[in-house]
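Residue numbers (the numbering used here): 276 to 528.
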């Protein structure tokens with residue numbers, strides 16, 4: 276019940292500790308003090324309640340991310356990893372589209388809204404992969420791959436739309452959109468979206484401002500409480516930034 280207060284208290288205590296070190300004539304940090312950090316990086320120390328895959332964490336801009344396929348870029352995925360989605364259902368980190376957004380029968384404003392909703396939903400949640408060119412059965416289970424014509428051009432178009440209508444901007448390492456060749460006759464599009472570090476991401480499109488988040492295999496509008504909780508965490512981010520600057524000063528000293 277006091278989780279947020281506990282986090283703030285912990286950050287304050289870290290600040291006090293570093294302040295004390297900075298005031299010493301000969302500040303020293305013993306190597307054993309960083310053993311926990313090395314263990315986390317090596318994958319041997321993990322928070323309770325998380326998966327035990329030692330390769331489950333990827334460090335991006337000092338963030339620890341647990342994600343499907345170890346959050347690899349599409350071009351880094353092996354053919355076996357990509358083909359492993361066949362037979363899987365959509366879930367929290369996996370979304371399938373049979374055809375590209377541009378190739379649907381919907382009006383332009385409607386398919387653009389669908390694209391923006393799908394991308395921001397993943398960015399506001401745990402991140403994930405959006406596969407374009409995957410046929411599904413009635414249970415949202417992937418059954419086969421389908422070729423996407425002019426995949427490279429469509430990747431650029433998708434990126435341009437996201438960059439124009441999503442606020443804050445997703446960083447280059449947070450959204451990667453690439454064509455992927457399945458075989459000589461089949462090319463699909465894979466979009467990797469990391470959980471954004473500037474959540475919540477908002478759609479600003481056609482005079483509407485909208486927030487979405489992924490729940491299971493559904494993309495739903497965010498509630499006021501969900502948006503409020505994200506802004507509350509800003510206090511922790513500010514304190515973490517202060518701690519980072521203090522450590523940089525300590526290292527220079």
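Even for Gly, the Cβ is constructed at its ideal location relative to N, Cα and C.
Alpha helix (DSSP H) segment containing residue i, residue limits
i	result
residue 395	383-398
residue 428	426-440
residue 375	Segment: none, residue 375 is in no alpha helix (DSSP H) and carries neither H nor E.
Opposing strand residues paired with residue i [DSSP bridges]
i	result
residue 349	Partner(s): none; residue 349 has no beta bridge.
residue 417	411
residue 461	458
residue 451	467
residue 354	DSSP lists no partner for residue 354.
residue 364	416
residue 370	405
residue 500	None; residue 500 has no bridge partner.
Where the beta strand (DSSP E) through residue i begins and ends
i	result
residue 487	483-490
residue 475	Per DSSP, residue 475 belongs to no beta strand (DSSP E) and is neither H nor E.
residue 494	493-496
Inter-residue CB distance, residue i and residue j (contact presumed, cutoff 8 Å)
i	j	result
residue 429	residue 377	6 Å
residue 409	residue 463	7 Å
Near the ligand GDP: residue i beta-carbon under 6 Å from a heavy atom
i	result
residue 292	Questions concerning the ligand GDP fall outside what the structure shown contains, since it holds no ligand whatsoever.
Beta-carbon proximity check, residue i vs residue j, cutoff 7 Å
i	j	result
residue 475	residue 450	no
residue 489	residue 396	yes
residue 453	residue 380	no
Count the C-beta pairs between the region 405-423 and the region 357-374 that are closer than 8 Å, then say yes if the count reaches three, no if not.
As far as the Cβ criterion goes, the region 405-423 touches the region 357-374, which means the pair count is three or higher.
Just checking, does the region 349-357 make contact with the region 453-461 on the three C-beta pairs under 8 Å criterion?
Segments in contact, yes.
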